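In my numbering, the protein residues as written are 9 to 80.
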């Protein structure tokens, strides 16, 4: 069983990963906004990237929720 310190370290690592994901999300949103502003067509590939990113964020959120409930 993990001790409290190892759980805190994994939470910090998780938050760093989530921050990176959020930066990627902002980048994708910025690119889509630029495409719309310049009347460029949004491709299915762009929509897929947003959907996959949402799945990844949901997965991270569930992971942190599980760690905080099992860490108590």
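We put the beta carbon where it would ideally sit given N, CA and C, even for glycine.
All of these numbers come straight from a predicted model, not from anything done at the bench.
field: C-alpha distance - residue 31 paired with residue 67, whole-angstrom precision
entry: By one-based count along the chain shown, residue 31 stands at place 23. By one-based count along the chain shown, residue 67 stands at place 59. Spanning the two alpha carbons is a distance of roughly 16 Å.
- request: Closer than 8 Å by C-beta to residue 49: which residues in its own chain qualify, once you throw out the five before and the five after it? Chain order, please.
  value: In the chain shown, counting from the first residue as 1, residue 49 sits at position 41. Closer than 8 Å at the Cβ level, and outside the excluded window around residue 49, lie 43.
task: Give every residue of the same chain whose Cβ lies closer than 6 Å to the Cβ of residue 33, excluding the five residues on either side of it in the sequence, and list them in chain order.
output: Locating residue 33 in the chain shown gives position 25, where the first residue counts as 1. Answer for residue 33: 61, listed in chain order.
query: When every heavy atom of the ligand NAP is checked, does at least one fall within less than 7 Å of the C-beta of residue 48?
result: Ligands are entirely absent from the displayed structure, and the ligand NAP is therefore not among its contents.
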